[in-house]
Every structure is written in C-alpha cells, then in structure tokens.
Amino acid sequence: MVGERRRARVIALKALYEVDSVGHDVDGTLIRLLSKEVLSEENAAFARGLVSGVIHNKEEIDQKIHAFAPAWPVEQVSVVDRNILRLAVFEILFDKKVPVKVAINEAVELAKAFGSDRSSKFINGVLGSVSAVGDK
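So the number in my numbering is just where the residue sits in the sequence shown, counting from 1, plus 62.
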C-alpha cells in the first residue's frame, strides 16, 4: 500500500497538473481532490503546502529547471514531467523539510507512475543536478 505522504504528493501533482493544463482554480481543485482521498489532516496540509509553495515560487522554480535542463525549455517539457519537477525542486531548494534523496526518490516514483517510459530517467537526471547545487 502506498504511504500517506506519497498519496499527498499524488494529490499535489494532480492539482498542479490540472491548474497547469486547463487553468482551473487552485483552491477549488485542491478541495475537490482532497475530498476524494482519506488523508490525515497533517498530510492534507502537506499536500496543500506543496501546491501553495509551487504556485507561489513557480517563476523561480521554472528558472531553476531551465538552468539544469537547458536543452528542454520548461514550456516544452510534458505537463506531467514539468509538474513533477516543480514539486521536487520546491521540496529540494525551497521547502527543505525532507532529505534530498527522499524528494528525488518520490519524484522518480511519481514519474514511473504518471509519466512516459523515459520520464523517470529525465526527472532523476535533472534533480541530480539540482541537488548537487542545492547541497552547496
């Protein structure tokens, strides 16, 4: 069974994907997604915090992604991969509440579950570069 923290990340990813791809309201999307999932209040707050953090820091996060994956303009990265990267970059460089390895592993697992066949390798490569700088 998938842990509650990962389920919270999945909700955050789904919310970011929906907001990014069709422009739905962030709060309404999160309320709807959270109402369909049984999470502790702590983990529901974790999901809300991830989404809020990504939304509030999106421009800077996208600049970081561009810097570490210059061959892939952020707007040309698939919507799923782009939002997995945004989540992980937020956790690694901004939130800093989980170990870097955990953030990378969670992102790779999300990529395996929701991305293409090559997503997990792409995500892992970009986040490896991000984490090398984030550790300095």
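Glycine residues also receive a C-beta, built at the ideal position from the N, C-alpha and C atoms.
- Between V88 and V81, the C-beta gap is smaller than 8 Å, which places the two residues in contact.
- K183 and D143 have their C-alpha atoms spaced approximately 11 Å apart.
- Distance from the Cα of A106 is smallest, within the candidate group K120, G65 and V136, for G65.
- About 6 Å separates the Cβ atoms of I185 and I146, confirming a contact at the 8 Å cut-off.
- Counting every other CB atom within 10 Å of its CB across the protein chains shown gives I123 a total of 16 or more, marking it as buried.
- By the beta-carbon neighbour count (other beta carbons within 10 angstroms, threshold 16), K76 is buried.
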